[in-house]
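Chemist: Got a structure for you, questions after.
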Amino acid sequence: MKTPRLYADGFGHAVGEVILTERNHHYLARVLRAKTSQSIELFDGEGRSCQAIIKNISKRKTIAEILNVTEHKDRRLPVTLGLALIKSDRFDWALQKVTELGVNAIQPIITKFTDSPPNASRLKKKWRHWQEILVNACEQSENNWLPELRKPSYLHELVLPQQVVMAHPGGEFAYIDTAKESLLLIGPEGGFSDDEVNSLVKNQVKPMSLGPTILRAETAAIVGLTLLGHQYGHY
Ligand code: SAH
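First residue of the sequence shown: 101, per my numbering; consecutive thereafter.
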């Protein structure tokens with residue numbers, strides 16, 4: 101069996117034995133029916149992973165002993181994905197995929213054509229759900245760096261960094277300055293409004309074509325990220 105790989109926030113500061121979180125205990129005890137002496141891998145989402153061994157697994161908790169810690173270089177793409185809120189299942193799918201691709205940060209955005217933007221309490225729940233998707237994707241893809249998940253923001257309230265690329269059909273390919281990080285904006289199913297496009301272009305945002313066909317937003321997120329990643333020499 102493949103060694104189970106689990107996200108353990110902050111283990112990097114622990115030595116010797118650690119009590120695993122309720123989530124990890126549940127997964128090991130109930131889903132995998134793991135036993136004492138089983139090897140596991142833990143990672144903290146900030147570049148540290150370790151081999152560990154289960155010392156004790158009871159009904160209530162799992163205790164693991166950390167054996168050796170490895171530090172991994174930050175190999176995330178220097179790109180923040182500004183993805184418009186789209187239908188939940190598609191948004192969730194995009195989060196999983198861009199985490200596999202090694203995105204640095206994710207900024208959910210609300211634009212003029214975002215359908216029924218969720219209210220504050222629903223957003224809070226969603227944020228936890230999204231965070232779990234990122235953790236699962238890191239566990240599965242051997243990514244040791246958890247992307248930073250930002251709070252959703254209206255597009256017009258976003259503080260734009262120096263280099264911003266807006267995926268928008270019909271233009272040309274955009275070449276970026278690879279010495280700088282970038283923010284990649286992807287619109288909702290209705291696209292960006294003319295006002296949004298004009299205002300972004302006025303703010304030095306580069307429009308970027310992703311080819312002659314119209315992609316769904318979640319496809320555009322993956323293609324856009326890959327094309328920027330290629331320019332950064334990431335792939
Ligand atoms: N009806 C919209 C398309 C929206 S597709 C329109 O014509 O603008 C959702 C988002 O995916 C777009 O806002 C854009 O950010 C991105 N996208 C889709 N296809 C693209 C393409 N060929 N080039 C650049 N961006 C694209």
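Glycine included, each C-beta is placed from N, C-alpha and C at the ideal position.
Taking the CB atoms as reference points, tell me whether T326 and Y332 lie closer together than 8 Å.
Modeler: Working through the sequence shown from its first residue, we reach residue 326 at position 226. Working through the sequence shown from its first residue, we reach residue 332 at position 232. The answer is no: Cβ separation not under 8 Å.
Chemist: Does the beta-carbon of Y107 have 16 or more other beta-carbons within 10 angstroms, so that it is buried, or is it exposed?
Modeler: Counting from one through the sequence shown, the residue named residue 107 turns up at place 7. Y107 comes out buried.
Chemist: Using CA atoms only, rank isn't needed, just tell me which of I157, V265, P252, I206 is closest to S309.
Modeler: Taking the sequence shown and counting its residues from 1, one reaches residue 309 at position 209. The option with the nearest alpha carbon to S309 is V265.
Chemist: Could you tell me whether any non-hydrogen atom of the ligand SAH is closer than 7 Å to the CB of S309?
Modeler: Within the sequence shown, numbered from 1, the residue matching residue 309 stands at position 209. At least one heavy atom of the ligand SAH is nearer than 7 Å to the Cβ of S309, so yes.
Chemist: Can you look up Q240 in the DSSP assignment and give me helix, strand or coil?
Modeler: For the purposes of this step, residue 240 is identified with residue 140 of the sequence shown, where counting begins at 1. Three-state DSSP puts Q240 in a helix.
Chemist: Under 7 Å from any heavy atom of the ligand SAH, does the C-beta of L284 make it?
Modeler: For the purposes of this step, residue 284 is taken as the residue at position 184 of the sequence shown. No, the Cβ of L284 stays beyond 7 Å of every heavy atom of the ligand SAH.
Chemist: Would you mind reading off the limits of the beta strand (DSSP E) that contains R123?
Modeler: Taking the sequence shown and counting its residues from 1, one reaches residue 123 at position 23. No beta strand (DSSP E) contains R123, which is instead part of the alpha helix (DSSP H) from 122-126.
Chemist: Closest to A164 by CA distance: which of I322, P208, F111 is it?
Modeler: On the sequence shown, residue 164 is found 64 positions in, with the first residue counted as 1. Closest by alpha carbon: F111.
Chemist: For the alpha helix (DSSP H) containing V198, list its first residue and its last residue.
Modeler: Translated into the one-based positions of the sequence shown, residue 198 becomes position 98. Counting along the chain, the alpha helix (DSSP H) containing V198 begins and ends at 188-200.
Chemist: Whole-angstrom Cβ separation of E318 and I186, contact assumed at under 8 Å?
Modeler: To locate residue 318, count along the sequence shown from 1; it is residue 218. To locate residue 186, count along the sequence shown from 1; it is residue 86. Between I186 and E318 the Cβ distance is about 7 Å, and since that is below 8 Å, they are a contact.
Chemist: Opposite Q207 in the DSSP bridges: which residues?
Modeler: As a working note, residue 207 is residue 107 in the sequence shown. Looking at the DSSP assignment, Q207 forms a beta bridge with G182.
Chemist: Tell me whether S282 sits in a helix, a strand or coil according to DSSP, three-state version.
Modeler: Mapped onto the sequence shown, residue 282 falls at position 182. The DSSP-derived three-state label of S282 is strand.
Chemist: What would DSSP say about N156, mapped onto helix, strand or coil?
Modeler: For the purposes of this step, residue 156 is taken as the residue at position 56 of the sequence shown. In this structure, N156 counts as strand in the three-state DSSP scheme.
Chemist: Could you check what DSSP says for T326 in three-state terms: helix, strand or coil?
Modeler: Your numbering for residue 326 matches position 226 in the sequence shown. In this structure, T326 counts as helix in the three-state DSSP scheme.
Chemist: Taking C-beta to C-beta, are I154 and I140 nearer than 8 Å?
Modeler: As a first step, residue 154 is located in the sequence shown; it is residue number 54 there, counting from the start. As a first step, residue 140 is located in the sequence shown; it is residue number 40 there, counting from the start. For I154 and I140, yes; Cβs fall inside 8 Å.
Chemist: Measuring alpha carbon to alpha carbon, tell me which residue in G147, E171, R123 is nearest R160.
Modeler: Locating residue 160 in the sequence shown gives position 60, where the first residue counts as 1. Closest by alpha carbon: R123.
Chemist: What do you reckon, are the CB atoms on L201 and I322 nearer than 8 Å?
Modeler: For this step, residue 201 is matched to residue 101 along the sequence shown. For this step, residue 322 is matched to residue 222 along the sequence shown. Taking 8 Å as the Cβ cut-off, L201 and I322 qualify as a contacting pair.
Chemist: Are the CB atoms of L249 and I209 nearer to each other than 8 Å?
Modeler: Start at 1 with the first residue of the sequence shown, and residue 249 comes out as number 149. Start at 1 with the first residue of the sequence shown, and residue 209 comes out as number 109. Judged by beta-carbon spacing, I209 lies beyond the 8 Å limit of L249, meaning their Cβ atoms are not closer than that value.
Chemist: Let's test the definition: count the other Cβ atoms within 10 Å of the Cβ of I314 and tell me whether it reaches 16, buried, or not, exposed.
Modeler: For the purposes of this step, residue 314 is taken as the residue at position 214 of the sequence shown. Under this definition I314 is an exposed residue.
Chemist: Note down the Cα distance separating S148 from R190, rounded to an integer number of angstroms.
Modeler: As a first step, residue 148 is located in the sequence shown; it is residue number 48 there, counting from the start. As a first step, residue 190 is located in the sequence shown; it is residue number 90 there, counting from the start. A small fix is needed here, since residue 148 is Arg in this sequence, not Ser. Taking the straight line joining both Cα atoms gives about 30 Å.
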